[in-house]
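Remarks on the structure that follows.
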């Protein structure tokens, strides 16, 4: 009898696992996307009071365009039946085998199912995750928050020395964990999923408190003798051309303002998705490049164009760069 290849063995075990797709009914539902209040915005600027929310409901909702609880069993079944894997998405650790199946094979926006099995046994679904192709960025690991279930983790990386790190969700943490050593720089495939996105509306913002305003008020009063504090106008700051990243209410979520450099059209089943390629410049490190995936549900009637400035609330995802570049098989 001919010995089966590793790929054939994996395919056979995954097909055997397909009936377990109904387990996906226990996965988390979507949270309503909330807009922060003015007071919450002040706290966010300091990166305070954030939480590690170990759920993917918001991400699934904007990708699928409907309540994920109603369709996750179907999604998992489709991934296991029609999806593909890569050598870089298969590994063994502590006596357990892992395989990530992703679908569709020919799109950068995918649904994925992480499978787990004791060596020699049949695979069972461990988690279902949105799985997005990213762009490579060299980032230095600072901290890790493993999720209690599902095999993912939130990973913190240093962006500016002495400042708060940037967090993203790693769906392949169980593969990457040995290389996620604090202080070590790795190449990550980084992407963003838009929970909300619109064309930037405000060219200027008015500031009426805080250190910047106090400095402005002192200067204005010095230049306008006889005037009082009540006469000081707001400090007007131009937002045109600014690239901003502000911590969101949960780790791995960020409010951003940026300029669109390129737009691609992709799909996840019937959902049309725009990929907005953006860049965040830094003074003392290479630019951070990022594809932001924005579904039709999020964009509504807005058609992003190259050169547009956009405001967005995004969930960041990243993984250590795959060592193979072959298409999913």
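In this note's numbering, the protein residues as written are 23 to 351. Glycine included, every Cβ here is placed at the ideal spot set by N, Cα and C. Predicted model only: the values in this text are computed from it and were never measured.
Burial state of residue 228, where buried means 16 or more other Cβ atoms lie within 10 Å: With fewer than 16 other Cβ atoms within 10 Å, it is exposed.
Per-residue DSSP class, three states only, for residue 100: The three-state reading of DSSP puts residue 100 in helix, counting H, G and I together.
Rounded distance between the beta-carbons of residue 167 and residue 273, thought under 8 Å: With a Cβ gap of about 7 Å, residue 273 and residue 167 count as contacting.
Rounded separation between residue 106 and residue 344 - CA only: Between the C-alpha atoms of residue 106 and residue 344 there is a straight-line separation of about 15 Å.
Contact between the segment 153-164 and the segment 326-334 (3+ Cβ pairs under 8 Å): Not touching, per the Cβ criterion.
Cβ distance (whole Å) where residue 152 is taken to contact residue 85 below 8 Å: Taking a contact as a CB-CB distance under 8 Å, the pair residue 152 and residue 85 counts as one, their CB atoms being some 5 Å apart.
Alpha helix (DSSP H) runs contained entirely in the segment 79-144, provided each spans 4 or more residues: Within the segment 79-144, the complete alpha helix (DSSP H) runs of at least 4 residues are 79-86, 90-104.
Residue 171 - containing alpha helix (DSSP H), residue span: Secondary structure note for residue 171: it is in no alpha helix (DSSP H), with a DSSP letter that is neither H nor E.
Limits of the unbroken alpha helix (DSSP H) element including residue 249: Per DSSP, residue 249 belongs to no alpha helix (DSSP H) and is neither H nor E.
Cβ pair residue 295, residue 316 closer than 8 Å: Yes; because the gap between Cβ atoms is below 8 Å, this pair is in contact.
Among 292, 149, 192, 100, nearest to residue 172 - alpha-carbon criterion: Ranking the options by Cα distance to residue 172, first place goes to 149.
Beta-carbon contacts of residue 235 that lie in its chain and below 7 Å, excluding the five residues immediately before and after: Cβ neighbours of residue 235 beyond the five flanking positions: 229, 257.
Best match in 215, 287, 265, 220 for proximity to residue 339 [C-alpha to C-alpha]: Between residue 339 and the set 215, 287, 265, 220, the nearest pair of CA atoms involves 215.
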